[in-house]
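Which chain is which? The protein sequence lines are D and F, in order. So in this note's numbering, spot 101 of the first sequence is number 105, and the numbers just go up one at a time. So in this note's numbering, spot 6 of the second sequence is number 62, and the numbers just go up one at a time. Every residue gets a Cβ at the ideal spot worked out from N, C-alpha and C, and that includes glycine. Take a look at the structure below.
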Amino acid sequence: DAKTTQPPSMDCAEGRAANLPCNHSTISGNEYVYWYRQIHSQGPQYIIHGLKNNETNEMASLIITEDRKSSTLILPHATLRDTAVYYCISFSSNTGKLIFGQGTTLQVKP
Amino acid sequence: GAVVSQHPSWVICKSGTSVKIECRSLDFQATTMFWYRQFPKQSLMLMATSNEGSKATYEQGVEKDKFLINHASLTLSTLTVTSAHPEDSSFYICSAGTGSSGANVLTFGAGSRLTVL
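Shown next as structure tokens:
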């Protein structure tokens with residue numbers, strides 16, 4: 005599975021959009037980009053995933069660059085409850101495994 | 057949506073005893089489940105892949121005789137930490153997939169916190 009790189013931490017003001025970047029420059033054509041988040045002492049929660057097209061659901065939007073080497077997770081209106089560690093993961097159906105990196109700790113501030 | 061349940065959510069045991077953690081997919085069948093371990097302030101580390109009806113596949117460096125995995129049905133996988141020691145104290149998390157064309161959204165359990173005294 006391709007390695008992903010994320011900034012270790014970010015801050016965001018409550019009510020503003022949180023934009024979390026992820027680099028996956030070695031991603032292969034059949035690897036999906038997945039985003040999960042983990043709130044303290046809980047299991048990871050699925051947010052969104054995509055292959056090459058931008059995706060949106062009730063939680064977030066995922067913007068994938070045309071060359072697929074990077075992506076951005078957008079939480080449109082961050083709340084205090086969005087404070088968590090956000091993991092960007094490249095997933096291959098060949099292995100079926102989700103390999104977690106270090107993630108980005110997002111702190112939403114009042 | 058898909059729900060994965062883990063039990064117990066926390067357990068304290070004495071050094072040398074064995075502890076069993078259950079992972080159940082409540083509303084779907086999972087031929088494959090995954091077990092992770094997470095130490096404080098660290099990311100999740102994949103320990104093994106649990107396959108229904110066959111032997112688990114362990115990641116490099118994970119002792120298969122130490123961490124026994126059984127996946128006897130399509131909705132239940134168990135992880136047994138044998139002869140537990142304080143260094144086995146950790147947060148153990150399982151996940152299971154619903155599966156779909158090329159993508160596989162894994163649902164995670166709430167985790168089981170093991171403390172070995």
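Given a length threshold of 3 residues, each whole run of the beta strand (DSSP E) inside the region 24-60 of chain D is given here in chain order: 35-42, 49-54. A residue is called buried once 16 or more other Cβ atoms fall within 10 Å of its Cβ, and Asn160 of chain F is buried on that count. Put simply, the region 72-90 of chain D does not touch the region 123-132 of chain F. Fewer than three CB pairs are less than 8 Å apart.
In chain order, Ser81, Leu82, Asp83, Thr163 place their CB closer than 8 Å to the CB of Val59 of chain F, counting only its own chain and leaving out the 5 sequence neighbours on each side. The contact set of Ser81 of chain F on chain D, defined by CB atoms closer than 7 Å, is empty, because the minimum CB distance reaches about 13 Å. Interface annotation, Ser99 of chain F: in contact with chain D, CB-CB separation under 8 Å.
Neighbourhood of Gln46 of chain D in chain F, by CB distance below 8 Å: Ala166, Gly167, in chain order. Not one beta carbon of chain F lies nearer than 8 Å to the beta carbon of Lys113 of chain D.
No residue range can be given for His81 of chain D, since it is assigned to no beta strand (DSSP E) and is classified by DSSP as neither H nor E. For Ser75 of chain D, not one C-beta of chain F is nearer than 8 Å to its own C-beta.
Put simply, the CB of Asn160 of chain F is near chain D, with a gap under 8 Å to one of its CB atoms.
Per DSSP, the continuous beta strand (DSSP E) segment holding Lys76 of chain F begins and ends at 75-81.
Under a criterion of Cβ atoms nearer than 9 Å, the residues of chain D adjacent to Phe90 of chain F are, in order, Gly100, Lys101, Leu102. Under the Cβ distance rule, Gln10 of chain D does not count among the residues neighbouring chain F, no pair being separated by less than 8 Å.
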